[in-house]
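**Student:** Encoded as structure tokens, here's the structure I'll be asking about.
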Amino acid sequence: MNARVLWANPQARRYLIGQTLSLFGDSALWLACGIWVRTLTGNDTAAALTFLFFTAPALLAPLAGLLVDRVRRRPLLIAANLSGAAILAPLLLVHHRRDVWLIYTVMLLYGLLNVLIAPAQSALLTSLLPRDLLADANAALRTVQEGLRVLAPLAGAGLFGFFGGHAVVALDMASFLAAAALTARIRITETHPVDVGARHEHPVHPTRRATDQITAGFRFLAGIPALRRVTFASAIAAFAVGAGDATSYAVISQGLHRAPQFIGVTQVAHGLGAIAGGLSAAAAIRRIGETRTVIVGLMLLAGGPLCLATPWLPVVLAGKLSVGAALPWIVIAIITLLQRLAAAHLQGRVYAAFEVCATGPQTAGLALGAILIAVLDYRLVLIGGTVGLLIAAAVLVRTRIPTPTHISEGAVTASAATRMAARATITRTSPIALRRPPRRSRRGP
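And the structure:
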């Protein structure tokens, strides 16, 4: 029923379709760029570095989150999508092995843009919909995205195989322009972002003021014990997933003895699993809660690398199906949890802070994996990934997300530094814990 209510909302439809289109080209492009580099260099490690450059800008996510919390989200998304089309233009100049640096440069800028778009998407969604529809909206967005990703790898690999990388670039540029057009049609009245706590009782040094603003999302995550554990478990899992990502081309070339373009076929299996996971995630969250949904997802995800370590195509495809089904449960549950607990003026920074805590380890895992597959059997890296994912699931066992009252109480019993952060981000500013307006405005993050 919730899904029907969601899709009956024309603004929600435009949002979901527009933001999905902005990621449709992404799926085709980063895959095609990896194939492009592999074709030009003949090197699996060089191809894996493509995704490393894409994920590296995640370290700048706190600044992106602060920007999202300081401007209106809809115009920001329109500008970001238009910028995405322009960023891709240098790829039209790639023709030879010596031009690989252009691919790396564009993927770096592309990753930077993605770091900005992701928190803006999440923050705008909380303004469009009531909280009881957030899980369904996140699940719908993820499902539609993954459905398109079933087509995108085929489109990317197919276009690359028949027409070369330039055709994929043109496809992605068109997807960005279409996303900008649909986002522009969303009708929403966004109030001008308020610098909550813009006035202090006591003077604060500008440097400390800026630091407090940028790190507000991290302090929110640190101020709630359950969120600390969720973040820590996510970091472990992301590191394991990153190391596994580095083996993608090795699985194809060394394990299955296929051409690099065959990765498009395995990505289709991943996408089919993701559709199933996305369709069932919202129901799982309503039935067992966000934390247990993450645990089940991690356990399902842990079986994937073991399947990928085999030389048998059906087993590898089953592994990709398992990985695809698990990731939406994990991602949708965590995003919904953060959206539900964070105050409106912190949405961008909380999302961005979590992205750093997850994508940073993923980038490190990818870098380590790229090094290890050059000197070790890639299957050892995959087995290590399974161990890491099981550890992440164990961290979350018996973890319970507190009620709003318990959040406030937990903030009071925390350490002095954490108490200050928790008061600033929850007790004083969060609509969840706020019982009445403060009589006096204070500067907070």
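Going by this note's numbering, the first residue of the sequence shown is number 15, and it counts up by one from there.
C-beta: ideal position from N, C-alpha, C; glycine also.
Does the segment 81 to 90 come into contact with the segment 57 to 67, if we say contact requires no fewer than three beta-carbon pairs (one atom in each stretch) closer than 8 Å?
**Tutor:** no
**Student:** Does the segment 347 to 366 come within contact of the segment 26 to 43, defined as at least 3 CB pairs closer than 8 Å?
**Tutor:** no
**Student:** Would you mind giving the Cβ-Cβ distance between Leu320 and Thr400, rounded to the nearest angstrom? I have them listed as a contact below 8 Å.
**Tutor:** On the sequence shown, position 306 is the one that residue 320 refers to. On the sequence shown, position 386 is the one that residue 400 refers to. Rounded, the Cβ-Cβ distance is 5 Å, consistent with contact.
**Student:** Measure the alpha-carbon distance for Ala296 versus Asn152 and round it to whole angstroms.
**Tutor:** Residue numbering aside, residue 296 sits at position 282 when the sequence shown is read from its first letter. Residue numbering aside, residue 152 sits at position 138 when the sequence shown is read from its first letter. Straight-line Cα distance between these residues: approximately 8 Å.
**Student:** Out of curiosity, what's the CA-to-CA distance linking Glu204 and Arg84?
**Tutor:** Here residue 204 refers to the residue found at position 190 when the sequence shown is read from its first residue. Here residue 84 refers to the residue found at position 70 when the sequence shown is read from its first residue. C-alpha separation (whole angstroms): 12 Å.
**Student:** One question on the structure: do Gly398 and Ala257 come within less than 8 Å of each other, judged by their Cβ atoms?
**Tutor:** As a first step, residue 398 must be located in the sequence shown, where it is residue number 384. As a first step, residue 257 must be located in the sequence shown, where it is residue number 243. Yes, they are a contact pair.
**Student:** With DSSP run on the structure shown, which of helix, strand or coil describes Val164?
**Tutor:** Locating residue 164 in the sequence shown gives position 150, where the first residue counts as 1. Val164: helix per DSSP, three-state reduction.
**Student:** Would you call the segment 178 to 187 and the segment 99 to 109 in contact, with 3 or more CB pairs under 8 Å?
**Tutor:** Between the segment 178 to 187 and the segment 99 to 109 there are three or more inter-stretch CB-CB distances shorter than 8 Å, so the stretches are counted as touching.
**Student:** Let's see if you can read the secondary structure: which residues bound the alpha helix (DSSP H) around Val329?
**Tutor:** By 1-based counting over the sequence shown, the position of residue 329 is 315. Residues Leu327 to Leu355.
**Student:** Tell me, to the nearest whole angstrom, how far the beta carbon of Ala347 is from that of Glu304; I am working on the premise that it is less than 8 Å.
**Tutor:** As a working note, residue 347 is residue 333 in the sequence shown. As a working note, residue 304 is residue 290 in the sequence shown. 4 Å between Cβ atoms; contact.
**Student:** By the DSSP assignment, the alpha helix (DSSP H) with Ala236 in it spans what residues?
**Tutor:** Residue mapping note: residue 236 aligns to position 222 of the sequence shown, counting from 1. It spans Ala230 to Gly237 - the alpha helix (DSSP H) in which Ala236 sits, taken as one unbroken run.
**Student:** Say whether the segment 126 to 146 touches the segment 67 to 83, bearing in mind that this needs 3 or more beta-carbon pairs closer than 8 Å, one atom from each stretch.
**Tutor:** Counting Cβ pairs under 8 Å, three or more are found: they touch.
**Student:** Return the chain-ordered list of same chain residues with a C-beta closer than 6 Å to the C-beta of Val19, the five sequence neighbours on each side being excluded.
**Tutor:** The residue you call residue 19 lines up with position 5 of the sequence shown. Nothing listed; no residue qualifies.
**Student:** Sort Thr64, Ala366 and Ile31 by Cα distance to Arg156 and report the nearest one.
**Tutor:** What you label residue 156 is simply residue 142 of the sequence shown in a count that begins at 1. Of Thr64, Ala366 and Ile31, the residue nearest in Cα terms is Ile31.
**Student:** Less than 7 Å between C-beta atoms, sequence neighbours within five positions excluded: which residues of the same chain meet that for Gln268?
**Tutor:** On the sequence shown, residue 268 is found 254 positions in, with the first residue counted as 1. Hits under 7 Å: Tyr392.
**Student:** For a test of the three-state rule: what should DSSP assign to Leu155, helix, strand or coil?
**Tutor:** Within the sequence shown, the letter at position 141 stands for residue 155. Correct three-state label for Leu155: helix.
**Student:** Given 8 Å as the limit, is there contact between the segment 376 to 384 and the segment 221 to 230, that is, 3 or more CB pairs closer than that?
**Tutor:** no
**Student:** Specify the secondary structure class of Ala212 as computed by DSSP and reduced to three states.
**Tutor:** Walking along the sequence shown from the start, residue 212 turns up at place 198. Note that Ala212 has pLDDT 45, beneath the 50 cutoff, so the model's placement of it is unreliable and the number below is only indicative. Reduced to three states, the DSSP call for Ala212 is coil.
**Student:** May I have the straight-line CA-CA distance separating Ala100 from Tyr118, to the nearest angstrom?
**Tutor:** By 1-based counting over the sequence shown, the position of residue 100 is 86. By 1-based counting over the sequence shown, the position of residue 118 is 104. Roughly 16 Å separates the two Cα atoms.
**Student:** What separation, rounded to the nearest whole angstrom, lies between the Cα atoms of Phe246 and Leu352?
**Tutor:** Locating residue 246 in the sequence shown gives position 232, where the first residue counts as 1. Locating residue 352 in the sequence shown gives position 338, where the first residue counts as 1. C-alpha separation (whole angstroms): 14 Å.
**Student:** Tell me which residue opens and which closes the alpha helix (DSSP H) that Ile117 is part of.
**Tutor:** For the purposes of this step, residue 117 is identified with residue 103 of the sequence shown, where counting begins at 1. Unbroken alpha helix (DSSP H) run through Ile117: Val114 to Leu142.
**Student:** Cutting at 8 Å between CB atoms, please list the residues of its own chain near Leu63, excluding the five before and the five after it.
**Tutor:** Your numbering for residue 63 matches position 49 in the sequence shown. Around Leu63: Val51, Tyr118 and Ala384.
**Student:** How would you call Leu341, buried or exposed, if buried means at least 16 neighbouring beta carbons within 10 angstroms?
**Tutor:** Along the sequence shown, one-based indexing puts residue 341 at 327. Looking at its Cβ environment, which holds 16 or more other Cβ atoms inside 10 Å, Leu341 is buried.
**Student:** Determine, using beta-carbon pairs with one atom in the segment 274 to 288 and one in the segment 406 to 417, whether at least three such pairs fall under 8 Å.
**Tutor:** no
**Student:** Taking just the CA atoms, how far does Phe232 sit from Ala367?
**Tutor:** The sequence position of residue 367 within the sequence shown is 353, counting from 1. The sequence position of residue 232 within the sequence shown is 218, counting from 1. Distance between the alpha carbons of Ala367 and Phe232 is about 5 Å.
**Student:** Should Ala249 and Ala372 be called a contact, given that it needs their Cβ atoms to be closer than 8 Å?
**Tutor:** Position 235 of the sequence shown, counting from 1, holds the residue named residue 249. Position 358 of the sequence shown, counting from 1, holds the residue named residue 372. Result yes, Cβ atoms of Ala249 and Ala372 sit closer than 8 Å.
**Student:** Would you report the Cα separation of Val164 and Arg354, rounded to the nearest angstrom?
**Tutor:** The residue you call residue 164 lines up with position 150 of the sequence shown. The residue you call residue 354 lines up with position 340 of the sequence shown. Distance between the alpha carbons of Val164 and Arg354 is about 30 Å.
**Student:** Residues in its own chain within less than 7 Å of Val370 by CB, not counting five upstream and five downstream?
**Tutor:** Position 356 of the sequence shown, counted from the start, is the residue given in the question as residue 370. Taken in chain order, the residues that qualify are Ala72, Leu73, Ala75 and Pro76.
**Student:** Short check: CB of Thr307 to CB of Gln159, under 8 Å?
**Tutor:** Counting from one through the sequence shown, the residue named residue 307 turns up at place 293. Counting from one through the sequence shown, the residue named residue 159 turns up at place 145. No; because the gap between Cβ atoms is not below 8 Å, this pair is not in contact.
**Student:** Run through DSSP, which three-state label would Asn95 get?
**Tutor:** The residue given as residue 95 occupies position 81 in the sequence shown. If DSSP states are grouped into helix, strand and coil, Asn95 belongs with the helices.
**Student:** Considering Cα atoms alone, identify which of Leu382, Ser136, Leu142 and Gln275 is closest to Gly179.
**Tutor:** Counting from one through the sequence shown, the residue named residue 179 turns up at place 165. Among Leu382, Ser136, Leu142 and Gln275, the Cα nearest to that of Gly179 belongs to Gln275.
**Student:** Does Ala257 get closer than 8 Å to chain E when you measure Cβ to Cβ?
**Tutor:** Although the question refers to chain E, the structure presented lacks it and comprises just one protein chain.
**Student:** To the nearest angstrom, how far is the alpha carbon of Ile202 from that of Ile309?
**Tutor:** Translated into positions along the sequence shown, residue 202 becomes position 188. Translated into positions along the sequence shown, residue 309 becomes position 295. Approximately 36 Å between the Cα atoms of the pair.
**Student:** What first and last residue would you give for the alpha helix (DSSP H) that runs through Ile289?
**Tutor:** Indexing the sequence shown from 1 puts residue 289 at position 275. From DSSP, the alpha helix (DSSP H) with Ile289 extends over Ile277 to Leu322.
**Student:** Output yes or no for whether 8 Å exceeds the beta carbon distance between Leu54 and Val114.
**Tutor:** Residue mapping note: residue 54 aligns to position 40 of the sequence shown, counting from 1. Residue mapping note: residue 114 aligns to position 100 of the sequence shown, counting from 1. A contact, by the Cβ cut-off of 8 Å.
**Student:** Whole-angstrom Cβ separation of Ala288 and Trp343, contact assumed at under 8 Å?
**Tutor:** Within the sequence shown, numbered from 1, the residue matching residue 288 stands at position 274. Within the sequence shown, numbered from 1, the residue matching residue 343 stands at position 329. About 10 Å; that fails the 8 Å criterion.
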